[in-house]
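Line order of the protein sequences matches chains S and G. Counting with the numbering used here, you get residues -4 to 256 for the letters of the first sequence. Counting with the numbering used here, you get residues 1146 to 1634 for the letters of the second sequence.
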Amino acid sequence: MLEIRNLHVSIGDRPILAGIDLDVKAGEVHAIMGPNGSGKSTLAQVLAGREGYAVTAGSVRYLDRDLVGQDLLALAPEQRARAGIFLAFQYPLEIPGVANVQLLRSALNSVRLQRGESELDAMDFLDTVKSKLALLDMDESFLYRAVNEGFSGGEKKRNEILQMAVLEPRLAILDETDSGLDIDALKTVAHGVNALKHPERAVILVTHYQRLLNYIVPDHVHVLAGGRIVRSGDAGLALELEDRGYGWLIPESGSLEEMRP
Amino acid sequence: MSQPEVSHPDARNAELRSRVADEYRWGFVTDIEQEVVPKGLSEAVIRLISAKKNEPDFMLEWRLQAYRHWLTLTEPTWSSVHHPAIDYQAIHYYAAPKSGSQPKDLSEVDPELLRTYEKLGIPLQEREALAGVAVDAVFDSVSVATTFKDKLESLGIIFCSFSEAVQKHPELVREYLGSVVPYTDNYFATLNSAVFTDGSFVYVPKGVRCPMELSTYFRINARNSGQFERTLIIADEGATVSYLEGCTAPMRDENQLHAAVVELVALKDARIKYSTVQNWYPGDAEGRGGIYNFVTKRGDCRGDRAHISWTQVETGSAITWKYPSCILRGDDSVGEFYSVALTNHRQQADTGTKMIHIGRNTRSTIVSKGISAGFGSNAYRGLVKVLPSAANARNHTQCDSLLMSDHCAAHTFPYIEVKNPSATVEHEATTSKIGDDQLFYLRSRGLSEEDAVNLIVNGFCKEVFKELPMEFAVEAQKLLAVSLEGAIG
């Protein structure tokens, strides 16, 4: 579904990613772990199309029916979203005065139009969204609050997963969705993500800690350090990291502020 | 047999023209025979206007007093707007479609005019009209048609052109004209008092709740003409009325002057809601042409518990200079001002309100949303004045600015004068720039950049839009979207 080859990315003159290779197949869950500053969030943002990063080498192929042969990096963020890529933000943005339900509906309809489906009217939309609210144990009042405005940290993260549940992406990238969550919220979010697992869908979990992986078990775990994947393995690798920290995996030259998760 | 795909220069030009026209969709000119008074301003011109309108002596006298006073005034320079000097002798002060005297009903209205209003989406034909909206349409200097007049008359409501009111209800005109905005008020209001040609007149009798929205549509058509309309709305004791106005003008390279006056009088327990969607031609991207909109609007809460609410959405005009205000004279009276002002390209707006607290327990609310894009300049200018008599007066002001480019400007000039120690006056202000992060967030959910901008802007304006009648709120959102096309990037 996703083929990343030799991806190099910098901000200004500063290289952040220094040759990433990654294959993600439909139905798989990949965890990308690593210490702070290793480039995890950059990778997530670049895949979603955030401007301000310079891709200096490499390619990303997203094997969607409509995008065969196209480099994902050439597409605008909205084109990627409509093609089924979803990024759950580490820091979701507030949009004052815009009701959550309004954004959800605009987003879903833009994605549906791309898929060749008709726009949902207000009633059908409400039915759809209510079933997703239940999945995440969210109250209906969420729909009528302004997008993320005055939301607690946990509410913001749940709201991201709600958007994901409504949009039903083919490739979901969750950027540090576990950060700032207490254990109950973490379980709810994990439950929401697990409920969306599907043979046609892939998930990339970007996370600093192992604890999310107790609830969402990954098929593959990759450790990112110094802008490269320095180790890949199965779920066992995450447990090993929990024990040993990141230090043993980091090349000598890597000067990283925080070695342990 | 297929033609090579080379676009013909003419075809390209046509496409370009249609694209340009797309930015201002109301920019067409109606080809209609005009009756215009020669350019320039003099006592003779004022006498001619008054004679054309067959006015009683008190009106002519009032106009001449205003004109003589105007000659002693100079154009004010305190606002933040800049423009080349206006040549007041180069303006036609009266322009009217040449179809003789005032039409009695729609069948007497020039079909070309009816087509114009059809293009603008104004329902003049009662049978096609949106139920619940009575329309008075003003084309250049004269009122063209007033719909639903009979239905309103049965309730004792007078809704007609100003000219007709002068003929049929001179006692009301005489009593209230200039009682809120005197002819000595300010340079532009004084000019208006001398030369105003038409406008709307509303009187709602005691205890009557007007059952439909009343609406006026102003249209400037003639070249080199000014539009000087005057609107007077009186809500008698316990009466309620909601009034809407909309405005458009053709696209022209030269600037045109629009200097209107609106006076509202709310007696005891009366309630007036006045909504404006102003979409005069704003000029092109380089700032050529456009309307100079210098308007004086003021409401007088003359009785206890009177309530006046102004809502405005200002997206048009090269220059907007207006401060819809409330004089809170009656005890427990309430004044409100809700405003969205958008300036794109080279537009300038200096707008706000004045809330003058005189009565006890008077309350006022000000919500101002300024949006600046391109090279636009947007200023909020407001005065909250609490007189010694206004015990327990309260005001809350919220003033937000949204910046959409690196070249635009937003200014806030709040003036607060409190002369009673029991008053509570609050002022909140924010300035924000539409953020790349916000845009990316929305685009990563599948929204185009344009839709993302519109969503953010509509959210920003929500508190004001919810004050507008439903159809107008939808219209205002569309207008904002059109005015902001290409504003980002």
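Beta carbons: idealized from backbone N, C-alpha and C, even for Gly. In this text the structure is predicted, and so the values were computed from the model without any measurement.
In chain A, which residues lie with their C-beta within 9 Å of the C-beta of residue 1381 of chain G?
Reference to chain A is not applicable here, since the protein chains of this structure are S and G.
Assuming the contact rule is C-beta atoms closer than 8 Å, residue 223 of chain S and residue 13 of chain S should be a hit. Round their C-beta distance to whole Å, please.
Contact holds; Cβ gap of about 5 Å.
Near-chain G residues of the segment 45 to 60 of chain S (beta-carbon distance less than 9 Å), N- to C-terminal order:
Near chain G, meaning a CB-to-CB distance below 9 Å, the residues of the segment 45 to 60 of chain S are 45, 46, 47.
Which residues in the same chain have their Cβ closer than 7 Å to the Cβ of residue 91 of chain S, if we skip the five residues on either side of it in sequence?
For residue 91 of chain S, where only same-chain residues beyond five positions count, the Cβ hits under 7 Å are 141, 144.
Is residue 1241 of chain G helix, strand or coil when you go by DSSP?
Strand, per DSSP.
Quick check for students: name the residue ranges of the alpha helix (DSSP H) that lie wholly in the segment 100 to 133 of chain S, counting only runs of 4 or more.
Those alpha helix (DSSP H) runs which fall completely within the segment 100 to 133 of chain S and span 4+ residues are 117 to 130.
Should the segment 1533 to 1541 of chain G be regarded as contacting the segment 1560 to 1571 of chain G, the criterion being three or more beta carbon pairs within less than 8 Å?
Yes, they touch.
When the Cα atoms are used, what is the spatial distance from residue 4 of chain S to residue 71 of chain S?
A straight line joining the alpha-carbon of residue 4 of chain S with that of residue 71 of chain S spans about 17 Å.
Which partner residues of residue 1641 of chain G appear in the DSSP bridge assignment?
The structure shown has nothing for residue 1641 of chain G, since chain G only spans 1146 to 1634.
Shorter than 8 Å from the beta carbon of residue 71 of chain S to some beta carbon of chain G?
At least one CB atom of chain G sits nearer than 8 Å to the CB of residue 71 of chain S.
Contact defined as beta carbons within less than 8 Å: I believe residue 15 of chain S pairs with residue 2 of chain S. What is the distance between those atoms, to the nearest angstrom?
Between residue 15 of chain S and residue 2 of chain S, the beta carbon gap of about 4 Å places them in contact (Cβ cut-off 8 Å).
To the nearest angstrom, how far is it from the Cα of residue 1273 of chain G to the Cα of residue 1296 of chain G?
With a pLDDT of 42 at residue 1273 of chain G, under the threshold of 50, the predicted position of this residue should be treated as unreliable, though the coordinate-derived value follows. C-alpha separation (whole angstroms): 16 Å.
DSSP three-state assignment for residue 1359 of chain G, whether helix, strand or coil:
For residue 1359 of chain G, the three-state secondary structure derived from DSSP is strand.
Cross-strand partners of residue 1142 of chain G (DSSP beta bridge)
In the structure as shown, chain G begins at 1146 and stops at 1634. Residue 1142 of chain G is therefore absent and cannot be evaluated.
Quick check: the Cα distance between residue 1531 of chain G and residue 100 of chain S, rounded to an integer number of angstroms?
If I take the Cα positions, the gap works out to 46 Å.
So is residue 1199 of chain G buried or exposed if we call it buried at 16+ other beta carbons inside 10 Å?
Under the 10 Å beta carbon count, residue 1199 of chain G is surrounded by fewer than 16 other beta carbons and is classified as exposed.
is_contact[residue 105 of chain S, chain G] using C-beta, thresh 8 Å
Interface residue, yes.
Rounded straight-line distance, which links the Cα of residue 30 of chain S to that of residue 127 of chain S:
Rounded to the nearest whole angstrom, the CA to CA distance from residue 127 of chain S to residue 30 of chain S is 33 Å.
Neighbour list for residue 76 of chain S in chain G, Cβ cutoff strictly below 9 Å:
What residue 76 of chain S touches in chain G: 1588, 1589, 1590, 1591, 1592.
Put residue 1623 of chain G into one of helix, strand or coil per three-state DSSP.
The three-state reading of DSSP puts residue 1623 of chain G in helix, counting H, G and I together.
Can you find a CB in chain S that lies within less than 8 Å of the CB of residue 1493 of chain G?
For residue 1493 of chain G, no Cβ of chain S is located within less than 8 Å of the residue's own Cβ.
Could you check where the alpha helix (DSSP H) with residue 1442 of chain G kicks off and where it finishes?
Here residue 1442 of chain G belongs to no alpha helix (DSSP H); instead the beta strand (DSSP E) covers 1435 to 1446.
Backbone CA spacing between residue 1429 of chain G and residue 1491 of chain G [nearest angstrom]:
Distance between the alpha carbons of residue 1429 of chain G and residue 1491 of chain G is about 8 Å.
Label residue 1300 of chain G either buried or exposed according to how many other C-beta atoms from any shown protein chain fall within 10 Å of its C-beta, with 16 as the threshold for buried.
Exposed, by the Cβ-count rule.
With distance defined between alpha-carbon atoms, name the residue in G/1414, G/1376, G/1400, G/1544 nearest to residue 1385 of chain G.
Nearest option by C-alpha distance: G/1414.
Would residue 1340 of chain G pass as a contact of residue 1483 of chain G if the rule is Cβ separation under 8 Å?
Taking 8 Å as the Cβ cut-off, residue 1340 of chain G and residue 1483 of chain G do not qualify as a contacting pair.
Measuring only between beta-carbons, confirm whether residue 32 of chain S sits less than 8 Å from chain G.
Contacts with chain G at 8 Å (Cβ-Cβ) do not include residue 32 of chain S.
Touching or not, the segment 1183 to 1199 of chain G and the segment 1313 to 1325 of chain G, by the rule of three or more beta carbon pairs under 8 Å?
Three or more Cβ pairs closer than 8 Å define a contact, and the segment 1183 to 1199 of chain G falls short of that threshold against the segment 1313 to 1325 of chain G.
Relative to chain S, which residues along the segment 1603 to 1629 of chain G have a C-beta separation below 8 Å, given in chain order?
Residues of the segment 1603 to 1629 of chain G with a C-beta less than 8 Å from any C-beta of chain S: 1603, 1604, 1605, 1606, 1607, 1608, listed in chain order.
Counting contacts by CB-CB distance shorter than 8 Å, is residue 82 of chain S in contact with chain G?
For residue 82 of chain S, the answer is yes, since a Cβ of chain G falls inside 8 Å of its Cβ.
Measure the alpha-carbon distance for residue 1344 of chain G versus residue 1374 of chain G and round it to whole angstroms.
The straight-line gap separating the alpha-carbon atoms of residue 1344 of chain G and residue 1374 of chain G is approximately 5 Å.
Leaving out the 5 sequence neighbours to the left and right, which residues in its chain are closer than 7 Å to residue 1333 of chain G when beta-carbon positions are compared?
Hits under 7 Å: 1404, 1439, 1441.
Give me whichever residues DSSP pairs with residue 1606 of chain G in a beta bridge.
Beta-bridge pairing links residue 1606 of chain G to no other residue.
Alpha helix (DSSP H) segment containing residue 1555 of chain G, residue limits:
No alpha helix (DSSP H) contains residue 1555 of chain G, which is instead part of the beta strand (DSSP E) from 1554 to 1563.
Who are the neighbours of residue 1583 of chain G on chain S, taking C-beta pairs under 9 Å?
Below the 9 Å Cβ cutoff, chain S contributes 88, 89, 90 as neighbours of residue 1583 of chain G, in chain order.
Count the other CB atoms, across all protein chains shown, that sit within 10 Å of the CB of residue 1219 of chain G; report buried if there are 16 or more and exposed otherwise.
Classification for residue 1219 of chain G: exposed.
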